Amino acid sequence: MNLEDYEDGGLKIAARHSDSEVILEWSGYSDFRKPALVFGEYLEGVSKQVNDKELVFDFRNLEHINSSTVATILSFVKRMDARKIRTRLVYNAAVEWQRINHQCMRTIARRLAHITTVDNSVS
Amino acid sequence: MADLGGTELHLNVVGAWNHLHKVRQQVEDLIARWEPSMKRAGAMATGELLENATKYGFEKNGSKDIRLSVRVRPSAISIKVSNASVDPDSVTELRKRVDAIMAADDRQSLYMARLEEILENPEETGKLGLYRIGYEGGFDLECTYENAIVTVTATRSRGA
């Protein structure tokens, strides 16, 4: 597995993996005009290496994302579900915007067989 | 660029996208004494309003002047963003979205409906920001259009 970290603007995505998971730890902020054109290719590259592991998006250290990034992540998650890649989204309930985003994604994930969400304020 | 004093911030923002992070930080600093959730909500709303003004003002209408005013009072914060627009149709659409948010008993449902639309059509990545300001940020919204200037104001009472 050849996982690399990602950094652009104020956004950092640290990648690591275990026997069962590929974990992407997001930090900083994303206010890109067209996020899919910025980090979409990176995410697709990671997703091709997941195989039978679970893909984990850990958003707990994210400070801010704009609505374009919310939409981009949503579309990517849908693609992961369509490809039957188990994907877990981890939020920090102690931060209001993350708690609200988690509530919304949890509702959507109920209709997506391979997507789960976790509210976890403990790093 | 900045005229920062007391509890007000007034900026003329050119090329807003390049300054978003800095401006959000200035707004957070302005409301530093407020609870953290309010600071983040204010910064988020400022960013979303400036992004909208850039998309629909600067890029569509060539307006280089985006005006941001943030006013903090003991009981409320208001964030006002103005830009030129010579496209009444886009302003009408903007006002419809603002009116829908203000008329909604359940803003979460509006926000979720927009997410569902984006989920169904991945090409649809925009027009989420105002719903986010209204629901996630807890702001009330007002939109005016006078002399080809469109102004969107987001207001949130403390404790709301």
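Here the protein sequences line up with chains A and B, keeping their order.
Quick note: the first sequence uses my numbering, first residue 377, plus one each step.
Quick note: the second sequence uses my numbering, first residue 4, plus one each step.
Cβ atoms here follow ideal geometry from the backbone N, Cα and C, with glycine treated the same way.
Predicted model, so just to flag it, every value in this text is computed and none were measured.
In chain A, what lies closer than 8 Å to residue i by C-beta?
i                      : result
residue 148 of chain B : Those do not exist, as residue 148 of chain B stays about 22 Å from chain A at its closest Cβ, beyond 8 Å.
residue 114 of chain B : 480
On the DSSP bridge assignment, give the partners of residue i in chain order.
i                      : result
residue 464 of chain A : A:432 and A:492
residue 437 of chain A : A:403
residue 152 of chain B : B:87 and B:149
residue 382 of chain A : A:389
residue 143 of chain B : B:158
residue 397 of chain A : A:430
At which residues does the beta strand (DSSP E) containing residue i begin and terminate?
i                     : result
residue 79 of chain B : 79-87
residue 70 of chain B : 69-75
residue 34 of chain B : Per DSSP, residue 34 of chain B belongs to no beta strand (DSSP E) and is neither H nor E.
Which residues in the same chain as residue i place their Cβ atom closer than 6 Å to its Cβ, once the five residues preceding and following it in sequence are excluded?
i                      : result
residue 127 of chain B : 120 and 121
residue 387 of chain A : 404 and 406
residue 452 of chain A : 419
residue 381 of chain A : 390 and 391
According to the neighbour-count rule (16 or more other Cβ atoms, all chains shown, within 10 Å of its Cβ), is residue i buried or exposed?
i                      : result
residue 162 of chain B : exposed
residue 468 of chain A : buried
residue 5 of chain B   : With a pLDDT of only 41 at residue 5 of chain B, under the threshold of 50, the placement of this residue in the model should not be trusted; the figure read from the coordinates follows. Exposed, since its Cβ has fewer than 16 Cβ neighbours within 10 Å.
residue 28 of chain B  : exposed
residue 55 of chain B  : buried
residue 95 of chain B  : exposed
residue 456 of chain A : buried
residue 17 of chain B  : exposed
residue 105 of chain B : exposed
residue 413 of chain A : exposed
For a contact defined as C-beta to C-beta under 7 Å, what are the partners of residue i on chain B?
i                      : result
residue 402 of chain A : What residue 402 of chain A touches in chain B: nothing, since even the nearest Cβ is about 16 Å away.
residue 446 of chain A : 131
Ordered along the chain, which non-local residues of its own chain (more than five positions away) have a Cβ less than 7 Å from that of residue i?
i                      : result
residue 434 of chain A : 399, 400, 401, 402 and 466
residue 8 of chain B   : Residue placement at residue 8 of chain B is flagged as unreliable, the pLDDT there being 41, under the threshold of 50; a coordinate-derived value is accordingly withheld.
residue 423 of chain A : 431, 456 and 461
In chain order, what residues of the same chain have a beta carbon less than 8 Å from the beta carbon of residue i, not counting five sequence neighbours either side?
i                      : result
residue 378 of chain A : 425
residue 10 of chain B  : 33, 74, 75 and 76
Who are the neighbours of residue i on chain B, taking C-beta pairs under 9 Å?
i                      : result
residue 409 of chain A : 20, 54, 57 and 58
Start and end of the alpha helix (DSSP H) containing residue i?
i                      : result
residue 114 of chain B : 110-123
residue 22 of chain B  : That residue, residue 22 of chain B, is in no alpha helix (DSSP H); it is neither H nor E in DSSP.
residue 477 of chain A : 472-485
Looking at chain C, which residues of the segment 425-444 of chain A have a Cβ within less than 8 Å of any of its Cβ atoms? This model lacks chain C altogether; the protein chains it does include are A and B.
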